[in-house]
Amino acid sequence: MTDRESLPLARLRAEPWYVDRVTFDGAHVRAEGWSMRVGAREPDEGWFTINGRRCDRIAYPLRRDDVGAVFWQRRDAANCGFVAEIDALDDPYPDGMMEIRRVRADTPRVERGRDSWFVPDTARHTDLPGDDRRFRVIGDRDARGFLVSGATDYRRLDRALVELTGRRMHEHARALDWGVGCGRVARHVPRSSAQALTGCDIDHDNVAWCRDHLPGTFVASTLVPPLPFDDDAFDLVYGISVFTHLREPMQLRWLAELARVAQRGAILMMTTHARTAIDFSRLAPDAYTQTCARVERDGIVVSGSNAQLDGHADHGGEYVNVYHSDDYVRRTWGCYFEILAILPGYILHHDLVVMRKR
Ligand SMILES: C[S@@+](CC[C@H](N)C(=O)[O-])C[C@H]1O[C@@H](n2cnc3c(N)ncnc32)[C@H](O)[C@@H]1O
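When the letters of the sequence shown are read in order and numbered with my numbering, they come out as residues 109 to 466.
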């Protein structure tokens with residue numbers, strides 16, 4: 109429970125962080141961002157590493173009043189800015205991506221993916237969907253954010269999967285990206301295993317874009333089940349920010365349908381808006397505590413409408429914004445799947461729910 113008297117908190121449930129900008133000039137790399145600070149002593153590796161290397165210089169913590177204003181409920185949140193630099197980085201994008209990591213010994217192993225951001229080599233991503241297509245999937249037109257968030261989400265899913273099951277994303281024989289949008293995450297599946305990927309979405313224009321530009325199979329689907337796939341078709345199903353937008357009766361239908369297309373033992377990874385999403389929501393203190401209490405009490409709460417798909421998918425008011433509590437997910441989703449883990453704030457402001465088909 110969060111009441112007004114307990115605020116500000118010493119730590120947020122998942123301490124958020126973000127890399128705002130990375131510049132690479134010759135061999136010199138400079139990463140700027142913010143991360144809530146815990147502990148007075150710098151770890152031996154330094155506060156941040158780039159591609160696993162110790163930085164030559166780190167300025168931290170720097171004042172970031174803009175971040176402090178968002179996370180007012182976290183004590184000392186404004187002291188979080190950082191600049192990390194390496195003067196000579198020879199291979200900035202091993203496997204096509206630069207990894208910027210914050211060093212925190214207290215992160216549970218299964219959640220360690222959250223401590224890394226991945227910045228893809230833009231030279232490998234010249235063929236991007238246009239602004240409007242990108243806006244429909246993340247509510248933002250920034251091309252760099254589209255690439256960095258997609259790469260980071262993909263790699264974080266991969267890390268959680270390895271920790272929980274010992275297998276990597278691309279080692280699955282048939283994977284489904286449910287609600288693929290314009291391939292923000294799917295484009296980061298390694299080319300060599302992209303043929304194992306199927307993506308589907310109710311936004312048929314975005315599906316067509318994926319089909320024309322990305323390796324894999326992309327299929328138009330409908331707002332209500334069924335999916336155009338056989339029973340037991342997939343051994344991995346992930347859905348980033350889909351259950352965050354459907355009302356409860358529709359969610360229950362989709363849980364049953366995803367169980368149908370998932371084979372026994374298949375892994376499902378779905379995101380929710382939970383406590384971390386409320387932390388990001390810029391609510392004033394009274395609204396914040398009321399929303400936290402309401403989500404805890406009701407388990408699932410529609411927080412507002414969402415117009416991002418208007419004109420592109422006939423959703424009849426079904427596409428909304430939804431908060432879930434952990435307890436609700438364990439109780440309700442747990443009737444359809446075995447819940448392996450709920451990783452708070454793992455996909456930026458989303459929680460990641462990892463499940464197994466019984
Ligand atoms: C917030 S966007 C996220 C897109 C993509 N997963 C990503 O992370 O970039 C949500 C997506 O879910 C799709 N969607 C909503 N309801 C759906 C449903 N019932 N079946 C498949 N896709 C759906 C929307 O069209 C939209 O592309």
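We put the CB at the ideal spot given by N, CA and C, even for glycine.
Self-check item: Distance between Ile-386 and Val-403 (C-alpha atoms, nearest Å)
Solution: As a position in the sequence shown, residue 403 is number 295, starting the count at 1. As a position in the sequence shown, residue 386 is number 278, starting the count at 1. Roughly 10 Å between the two C-alpha positions.
Quiz item: On the premise that Ala-196 lies in contact with Ala-135, defined as a C-beta separation below 8 Å, what is that separation, rounded to the nearest angstrom?
Solution: As a first step, residue 135 must be located in the sequence shown, where it is residue number 27. As a first step, residue 196 must be located in the sequence shown, where it is residue number 88. Ala-135 to Ala-196, Cβ: 4 Å. Contact.
Quiz item: So, is Leu-363 buried or exposed, given that buried needs 16 or more other C-beta atoms within 10 angstroms?
Solution: For the purposes of this step, residue 363 is taken as residue 255 along the sequence shown, with counting starting at 1. Classification of Leu-363: buried, given that the 10 Å Cβ count is 16 or more.
Exercise. May I ask you to report which of helix, strand or coil DSSP gives Gln-470?
Key: Because the chain spans 109 through 466 in this model, residue 470 falls outside it and cannot be assessed.
Quiz prompt | 3-residue-minimum beta strand (DSSP E) runs that sit fully inside the segment 343-389, ordered along the chain | solution = 370-380
Practice problem: Would you kindly report the start and end of the unbroken beta strand (DSSP E) that includes Ser-413? | Solution: As a working note, residue 413 is residue 305 in the sequence shown. First-last of the beta strand (DSSP E) with Ser-413: 408-413.
Self-check item: Status (buried if at least 16 other CB within 10 Å, exposed otherwise) for Ala-281
Solution: As a first step, residue 281 is located in the sequence shown; it is residue number 173 there, counting from the start. Ala-281 is exposed by the Cβ-count criterion.
Quiz item: How many whole angstroms separate the CB atoms of Arg-244 and Gly-289, which I take to be in contact at a CB cut-off of 8 Å?
Solution: Working through the sequence shown from its first residue, we reach residue 244 at position 136. Working through the sequence shown from its first residue, we reach residue 289 at position 181. Indeed, because the Cβ distance is near 7 Å, the residues count as touching under 8 Å.
Self-check item: Heavy atom of ligand 1 within 6 Å of Ser-300 beta-carbon
Solution: As a first step, residue 300 is located in the sequence shown; it is residue number 192 there, counting from the start. Not so, every heavy atom of ligand 1 lies at least 6 Å from the Cβ.
Self-check item: the segment 456-466 contacting the segment 405-413, beta-carbon criterion three pairs below 8 Å
Solution: no
Exercise. Whole angstroms is fine: what's the gap from Gly-247's alpha carbon to Leu-255's?
Key: Taking the sequence shown and counting its residues from 1, one reaches residue 247 at position 139. Taking the sequence shown and counting its residues from 1, one reaches residue 255 at position 147. C-alpha separation (whole angstroms): 14 Å.
Practice problem: Pull up the distance between the alpha-carbon of Val-178 and that of Ala-367, whole angstroms please. | Solution: Walking along the sequence shown from the start, residue 178 turns up at place 70. Walking along the sequence shown from the start, residue 367 turns up at place 259. Val-178 and Ala-367: Cα-Cα distance of roughly 38 Å.
Practice problem: Any chance you could list the beta strand (DSSP E) runs of at least 3 consecutive residues sitting entirely within the segment 295-319, in chain order? | Solution: 305-309
Quiz prompt | Through-space distance from Glu-113 to Met-206, alpha-carbon basis | solution = The sequence position of residue 206 within the sequence shown is 98, counting from 1. The sequence position of residue 113 within the sequence shown is 5, counting from 1. So the alpha carbons of these two residues sit roughly 42 Å apart.
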